[in-house]
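S.K.: Mind having a look at this structure? Questions to follow.
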DNA sequence: TGTATGACATGTTCCATAAACCGTCACTCA
DNA sequence: TGAGTGACGGTTTATGGAACATGTCATACA
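Protein chains in written order, with this note's numbering: chain A, 1 to 202; chain B, 1 to 202.
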C-alpha cells in the first residue's frame, strides 16, 4: 500500500525528489521530524503542499528516506572497515568501535537525527530492520573470511556465530541504549569486542 | 539529602511502613506509579496524606522501595541458579535464560511494574545501578568458580571477563530492549549464552 | 511526647477548545 | 497532457485556565 505508490504518480522527476529530500534534511536537522510540517518543506522549495504528495506517499515516507540515508552514512563506515583488507579479528573489533563512535556522534552532534532514528524504531519503520539485516551480512562476511584464513574456529554453525555477534553489538549500537551507556560506550565496545573475539578464536 | 531522612522522623513504626508499602504495591500494580497519588495510599489505609511523609521522604522514595523489591524478586531467581551447585558453565547459561524469562514475565504479566522499572531507569533512580552491581558480583562468583574448577580459561583478567559478560547480558535483560526483542528473547538468550561460554572456555 | 491532621505554597496534570496539520481531489493553465 | 494548486474533511496538536498532587508546617489531642 505504500511502496507501490499511487497510480497517479507519473514518471518521477528526480530533481524535484532530491529538492524535497534536501529540504527535509535541512528542516529535520534543525527542527526535528515532528516539528517540521510538509508545508514547511513545500514553502522552502516554492511549491504547494499538495504537490509534495506527487513524489512521496506521506510525510513518513520522507522520514523513512532520510532515516535510511542516515543509516547509510554509518554503513559506509562499516563497509570501509569490512573492505579494509585487515585481518578479520581486527576488522571485527573495528566494527564494534565504529558503530559505537558513529552512534555517539549522532547522539551528540546530530541530536535531531538521532531522534528520528528513535522514532523510526518506536513506530516500527522498516529502516531499522534493513540496517540490521545489512549489518548481519557484513559481519557474516568478516567471520567467513576469518574462518577461511584460519583465524577463527569453525565448529560453531556460521549463522549461530553471526547472530550472536550482532546481538553482542546491541549494547553499543542500539539507539535507546546509547543514552544510558554513552559515558562508557567506547570502553564497552572494546570489552565486548574482546569477548566476541575470544569466542571466535581458533 | 534523601537517604539521611528527616531529623523529625523518630523511631520508625515498621508496621505502618509495611502498610504503606503494601498499599503501594496494590495501587502501583493496578493503576501504575504515575496514576496513583499518595492521597490514594493514605486513603487506602485510613491515614492523612501528610502522615505518609513521616515514613517516606517522597512518593519517589516509595516507588524506589517497590522497585527494589521487584528487582529483588528477580535476583532471588539468579541466586538460586548461582547457588545450585551445577557446573559454572551451566549456571552461566541459566543466568541468561533466567533473566530473559523473568524480564518477559514482568513485561507481560505485570506490565505496570515493568513501567515503574522503566521510569526508574529514565529518571536515574539508583535501583537499576544497584541491581547491576549485584548482578556483576554474582557473575563474578560463577566465573571465578569456573576458573577454579578448570572449566574456564584464566588468561583474561577476571574483571574484564565479568564486565564483558554483564554487557552481553544487556540485550536480554535491559527493560527498554525487552519491548523490541521480546519475540526472540529466549532464543537470543541462548545464543548469547553460547557465545559467552565459548569466550570463556578453557 | 509521639501520633496524626488540616491548611497551604508550589508545582503538574488535565481538559475543552482553538489552531494547525495531513493527505485527497477536483481543478487550472500552459 | 502533465506540472502545479486551492480548498476541504478528519485527525492531531497547541494553549491556557481550572483542578489536582506533592511536600511542609504549625498545631491538635491523648
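We put the beta carbon where it would ideally sit given N, CA and C, even for glycine.
1. Please report the distance separating the alpha-carbon of residue 72/B from that of residue 174/B.
2. Going by the CB atoms, is the gap between residue 16/B and residue 55/B shorter than 8 Å?
3. Along the stretch 100 to 117 of chain A, where does the CB come closer than 8 Å to a CB of chain B? Name the residues.
4. Curious, which full-length beta strand (DSSP E) runs of at least 3 residues does the stretch 14 to 95 of chain B contain?
5. Who are the near neighbours of residue 116/A in its chain, counting only those whose CB is closer than 8 Å to its CB and skipping five residues on each side?
6. Check whether the stretch 86 to 98 of chain B and the stretch 132 to 143 of chain B are in contact - that is, three or more C-beta pairs closer than 8 Å.
7. Could you check where the alpha helix (DSSP H) with residue 159/A kicks off and where it finishes?
8. 8 Å is my cut-off, CB to CB: does residue 194/B come that close to chain A?
9. Do three or more CB pairs link the stretch 151 to 169 of chain A to the stretch 108 to 124 of chain A at distances below 8 Å?
10. Can you pull the chain A neighbours of residue 160/B, defined as C-beta to C-beta under 9 Å?
11. Establish whether the CB of residue 188/A and some CB of chain B are separated by less than 8 Å.
12. Can you list, in chain order, the residues of the stretch 126 to 143 of chain B whose Cβ is nearer than 7 Å to any Cβ on chain A?
13. For the 8 Å Cβ check, are there 3 or more pairs between the stretch 176 to 186 of chain B and the stretch 144 to 156 of chain A?
14. What span of residues does the alpha helix (DSSP H) with residue 205/B cover, start to end?
15. Can you give me the C-alpha to C-alpha distance between residue 182/A and residue 92/B, rounded to a whole angstrom?
16. Return the chain-ordered list of same chain residues with a C-beta closer than 8 Å to the C-beta of residue 170/B, the five sequence neighbours on each side being excluded.
17. Is the Cβ-Cβ distance between residue 74/A and residue 102/A less than 8 Å?
18. Taking the alpha carbon of residue 37/B as the point to measure from, which residue in 22/B, 136/B, 59/B, 113/B has its own alpha carbon closest?
19. Return yes when the Cβ of residue 78/A is within less than 8 Å of the Cβ of residue 135/A, no when it is not.
20. Between 30/A, 40/A, 172/A, which has its C-alpha nearest residue 184/A's C-alpha?
M.R.: Let me spell this out:
1. 16 Å
2. yes
3. none
4. none
5. 28, 32, 33, 63, 66, 67, 70
6. yes
7. 158 to 173
8. yes
9. no
10. 191, 194, 195
11. yes
12. none
13. no
14. Because chain B in this structure spans residues 1 to 202, residue 205/B falls outside the shown range and cannot be described.
15. 27 Å
16. 177
17. yes
18. 59/B
19. yes
20. 172/A
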